[in-house]
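To start, the structure itself, in structure tokens.
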Amino acid sequence: MKSPQRLLRFTLLVTGSLLLFQSGMSGEANRLTPILAEPGDVFLADDFEEDYVVKKGHPIFKLGQGTTWESKDGLLIGTQSTPEYQAKKKAAGNGHLGTAPRLQFSGSPKDVIIKYSFKISGGKFTKLLPIIEAGHHLRRIYFGPDGSKILVDHEKTTIAESDFVLELDKWYHIMVEIKDNEFLVRFEDGPTIYGEDKGVGAEFANYNIGITATNLGTIYIDNMTIWKAGVEKSDWAEKRAALSSK
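Going by the working numbering, the sequence shown opens with residue 23, and the numbers climb by one from there.
This is the structure we're talking about:
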């Protein structure tokens, strides 16, 4: 029979291993670097190693539709709104119930570079979700059950399409570059999706980045950096031509 001390030590080892697995993080670091624009001033850099709950009034993070966000175990975790919030909205006849985790980044630059790792667990794809956008309904990439699209002008215009389908419970390393009329999305060891249209560079009230997960899902975000996009890379024209030829 094992002694209490040995049992306690075994329990601590197992618990520690489970916490490491659950915090699971995103595996290897995101190795993507910008190819469209030079990174300028840093707008946000967070590895989420400090635990905190995102509250109303945060200087950058804006909770969308009452959804819940917290930095915990090295990850930023987004979940749906509380049952009380949803009941209140239903009673008021408001359809924005906050069943899909939604976060906006106030004051995001118009020309922007976004780099982070993420995983979405559970929930359902809809005709609008999940998305990454920069300016609400202005310009976004939509990850649908049958493929992905870059959309502008309140989703009226599709400027790029891909057969890439986001898998649930899988970590992705992503970089989004938006400059002038160009919108570039790249996944490490995955697809590149590129579109160009005047709708990308349209004037708008704000260009706040918005990240929304699946309906009723949970999203995990790791190691996020957002820069203002600077001047165009000297070899971007060559790389863009290579993208167009694929």
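C-beta atoms are modelled at their ideal positions from N, C-alpha and C, and glycine is treated no differently. Small disclaimer: the values here were computed from a predicted structure and weren't measured.
For Pro61, no alpha helix (DSSP H) encloses it; the enclosing beta strand (DSSP E) starts and ends at Ala59 to Asp68. With fewer than three CB-CB distances shorter than 8 Å, the stretch 120-128 does not count as touching the stretch 179-193. Under the three-state reduction of DSSP output, Glu260 falls in the helix class. The distance from the Cβ of Phe127 to that of Ile181 is about 22 Å, inconsistent with a contact at the 8 Å cut-off. Three or more Cβ pairs closer than 8 Å define a contact, and the stretch 108-118 falls short of that threshold against the stretch 200-218. The Cβ atoms of Ile248 and Ile231 lie closer than 8 Å to each other. The C-alpha of Glu177 lies about 10 Å from the C-alpha of Lys171. For the pair Phe165 and Pro131, the Cα-to-Cα distance works out to about 23 Å. Counting the other Cβ atoms within 10 Å of the Cβ of Pro167 gives fewer than 16, which makes it exposed. Taking a cut-off of 8 Å on C-beta distances, the stretch 151-158 touches the stretch 235-252, as three or more cross pairs fall below it. Burial state of Pro56 is buried, judged by a 10 Å Cβ sphere holding 16 or more other Cβ atoms.
Burial state of Lys141 is buried, judged by a 10 Å Cβ sphere holding 16 or more other Cβ atoms.
In summary, Thr104 is exposed, with fewer than 16 beta-carbon neighbours lying within 10 Å of its beta-carbon over all protein chains present.
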